[in-house]
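Let me begin by presenting the structure, written as structure tokens, before commenting on it.
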Amino acid sequence: MNMIIIILCLFQLVGSSANLSPQRYFKFCIELVAVLAAFFVYCDSSERADMFHDMMRQALTESSWERCSRRAIRDLIMVIRRVQRPNHCRFNNGMFVLSRLMFLKVIKMAYTYVNFFKNK
């Protein structure tokens with residue numbers, strides 16, 4: 067849904083900006099900035115969650131958890147197994163993984179669609 071909104075706003079701003087009044091042009095600019103900011107916050111939050119996951123994994127592996135009691139070791143091993151996997155937000159069974167790289171890919175794809183429609 068964000069992709070469609072980004073493409074439509076960009077097309078209105080780039081493709082047919084001569085037909086827009088200054089108020090509508092400003093409205094489309096604000097809408098585009100708001101959608102891009104919200105999508106970036108989602109992607110950045112996913113990236114930060116994965117970064118904190120890595121920090122937790124590193125802290126657990128560098129601590130001397132081998133000296134703990136057996137029960138604590140068993141619990142820590144379960145936590146260590148869990149933090150070894152990436153922690154990015156995923157949608158559609160991992161088809162879409164939110165990250166800063168995906169944000170850039172969406173922006174590039176939106177510009178590609180806008181240029182295609184503009185040149186047609």
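In our numbering, the protein residues as written are 67 to 186.
The beta carbon of each residue, even a glycine, is placed where N, CA and C say it ideally should be.
Here the structure is a predicted model, which means the values were calculated and not measured.
Review point. Do Leu98 and Leu187 come within 9 angstroms of each other at the CB atom, strictly closer than that value?
Key: What is shown of the chain runs 67 to 186, which leaves residue 187 out entirely.
Review point. Between the beta-carbon of Arg123 and the beta-carbon of Val149, is there less than 9 angstroms?
Key: yes
Practice item. Pull up the CB-CB distance for Phe105 and Phe169, whole angstroms please, since I reckon it's below 8 angstroms. Key: 6 angstroms
**Study point:** Coarse secondary structure for Arg156, derived from DSSP in three states
**Key:** strand
Check your understanding: Taking Lys93 as the reference, which of Lys174, Leu79 and Ala84 has the closest Cα?
Key -> Leu79
Point to revise | Neighbour-count burial assignment, Cys95, 16 or more Cβ in a 10 Å radius | key: exposed
Exercise for review: Measure the C-alpha to C-alpha separation of Glu128 and Met121 and round it to an integer number of angstroms.
Suggested key: 11 angstroms
Check your understanding: Identify the residues that DSSP records as bridge partners of Phe162: which are they?
Key -> Phe157
Check your understanding: Does the Cβ-Cβ distance between Leu28 and Ile173 come in under 9 angstroms?
Key -> Absent from the structure is residue 28, since the part of the chain shown begins at 67 and ends at 186.
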